[in-house]
Amino acid sequence: MSNVWKSMIFFTLLSVICPATASGQEKPVVGVIPKAQKPLKLDGKLTDWDGAFVTPVHVGHPDFTNRGGQFLYLWDEKSLYIGLKCLDQKPAHVGKDSELYNGDAVEFYLDTRRGDKLGDAPFGPGTLHMFYTAFTNTDLKPRLQVRPLPAFKDFKLQGAEVVAAKTAWGYTAEFKLPWANFPDFAPKIGEIIGIDCELCSSDGGPRVDRTFVYSGPAAVGSPSAFGRVQLVDKIEASSLKPYGRVLLPLSLAKSANYAWLYGTVCVSPTIEASVAKLEGKLLDAGGKVRKSSTGNRKTQDGGFTLWTASWEMFDVPPGVYTLELTATDKAGGVITSRSEKVIHGNPALTK
Numbered sequence: 006m007s008n009v010w011k012s013m014i015f016f017t018l019l020s021v022i023c024p025a026t027a028s029g030q031e032k033p034v035v036g037v038i039p040k041a042q043k044p045l046k047l048d049g050k051l052t053d054w055d056g057a058f059v060t061p062v063h064v065g066h067p068d069f070t071n072r073g074g075q076f077l078y079l080w081d082e083k084s085l086y087i088g089l090k091c092l093d094q095k096p097a098h099v100g101k102d103s104e105l106y107n108g109d110a111v112e113f114y115l116d117t118r119r120g121d122k123l124g125d126a127p128f129g130p131g132t133l134h135m136f137y138t139a140f141t142n143t144d145l146k147p148r149l150q151v152r153p154l155p156a157f158k159d160f161k162l163q164g165a166e167v168v169a170a171k172t173a174w175g176y177t178a179e180f181k182l183p184w185a186n187f188p189d190f191a192p193k194i195g196e197i198i199g200i201d202c203e204l205c206s207s208d209g210g211p212r213v214d215r216t217f218v219y220s221g222p223a224a225v226g227s228p229s230a231f232g233r234v235q236l237v238d239k240i241e242a243s244s245l246k247p248y249g250r251v252l253l254p255l256s257l258a259k260s261a262n263y264a265w266l267y268g269t270v271c272v273s274p275t276i277e278a279s280v281a282k283l284e285g286k287l288l289d290a291g292g293k294v295r296k297s298s299t300g301n302r303k304t305q306d307g308g309f310t311l312w313t314a315s316w317e318m319f320d321v322p323p324g325v326y327t328l329e330l331t332a333t334d335k336a337g338g339v340i341t342s343r344s345e346k347v348i349h350g351n352p353a354l355t356k
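Each number in the numbering used here corresponds to the 1-based position in the sequence shown with 5 added.
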């Protein structure tokens, strides 16, 4: 590995929704959960998850073949379903039953409260923070645990189930959570709930890594940080434009020795088949396109499609730029997009 790469500064720009104290109805919807069009088999293999909304995570991690993941979401009248596809060379959980977060696991967050109570800061009835893992040591023996908070002392988790399967590249898992655990919530099309999924990684020992879909560590402290998602009948292509942060999760790497910017996107399976072109444009403060790249796409083990691109920046002045990523279909229509600010050089020295 060259010294340039060794000195590279990695900064991951994933789908981060800042915590807020506003009610859930005042926060934007940042994802959807489609209704299952047929009963799920729940064999741990994700075989019946057609039409799920899928959010990739850990994009740009230097050990992506041992970290990359995808969360899948479905619902029906009885339950909420969370699927997981995970690249993992050493799938295991050697931790205690009382520490299920401390290994290959998922920390799951949910807020089903209605009206102005949705997104309230404290945990309480209608909310949940729990952990589940597919493993006991290296065996497929799933375990579940509700976080031991005073707010959950009277909560009895009922009917929840985890089923998993190992693969050549890692593992898959399916989690079922009956709505009956939240008696004040009636699932129906159009309802908005708060949610987040945190993927924990262990490399065969204690937890060494974690990442979130919608928020970040703030979710541990308050449901106000959860992402807002809407229950829908099915995914409509025309409705996906606002969800670029989770459908096109982005990581940027900036060379410290020479002015290159490198980008990696894991294209969500929700849109992957429809994307004819993914283009990244670098705009200056005046909105002028200074650099552009359509990059390259490659599908890795497990069906993870990565788009990579680079922008040489030696010939643009220091400043704050905007990287705009746009996914378009064969007709040139925009499927979804996202943008991120990029600092080039030291703008303060040019003033």
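Yeah, the Cβ is synthetic: ideal placement off N, Cα and C, and Gly gets one too.
Note that this is a predicted model, so its numbers are computed, not measured.
The beta-carbon separation of Trp174 and Gly307, rounded to 5 Å, stays under the 8 Å limit for a contact. For Gln94, DSSP assigns no beta-bridge partner whatsoever. Counted as a single uninterrupted DSSP element, the stretch harbouring Ala242 is not any beta strand (DSSP E), since DSSP gives it neither H nor E.
In the DSSP annotation of this structure, the continuous segment of the alpha helix (DSSP H) that includes Val225 starts and ends at Ala223 to Gly226.
Looking only at Leu145, Tyr86, Ile197 and Phe187, the smallest Cα-Cα distance to Gly131 is reached by Phe187.
In this structure, Gly268 and Leu255 form a Cβ contact; the two beta carbons are roughly 6 Å apart against a cut-off of 8 Å. The continuous alpha helix (DSSP H) containing Val251 extends over residues Gly249 to Leu252. A Cβ-Cβ distance of about 21 Å is found for the pair Ile276 and Leu257, leaving them out of contact under the 8 Å criterion. Between the stretch 99-111 and the stretch 61-72 there are fewer than three C-beta pairs closer than 8 Å, too few to call the two in contact. With a contact defined as Cβ atoms closer than 8 Å, Phe217 and Glu203 qualify at about 5 Å. Going by C-alpha positions, Leu47 is about 53 Å away from Asn351.
At the C-beta level, Leu79 and Leu45 come within 8 Å of one another. Of Val234, Tyr326 and Lys335, the smallest CA-CA separation from Leu115 is found for Val234. For Gly232, the enclosing beta strand (DSSP E) stretches over residues Gly232 to Val237. Taken through DSSP and simplified to helix, strand or coil, Phe113 comes out as strand. Under a 10 Å Cβ-count criterion, Ala224 is classified as buried, with 16 or more other Cβ atoms of the shown protein chains found around its own Cβ. The three-state reading of DSSP puts Ala191 in coil, since its state is none of H, G, I, E or B. By the neighbour-count criterion, in which 16 or more other beta carbons inside 10 Å mark a residue as buried, Ile348 falls on the exposed side. CA-CA distance, Leu77 to Thr60, rounds to 7 Å.
The straight-line gap separating the alpha-carbon atoms of Arg343 and Lys286 is approximately 11 Å. Considering only Val237, Asn301 and Leu311, the residue with the shortest C-alpha distance to Gly36 is Val237. Residues Arg148 and Gln150 of the same chain have their beta carbon placed closer than 7 Å to that of Asp102, with the five preceding and five following residues left out of the count. DSSP places Glu317 in the uninterrupted beta strand (DSSP E) bounded by Phe309 to Glu317.
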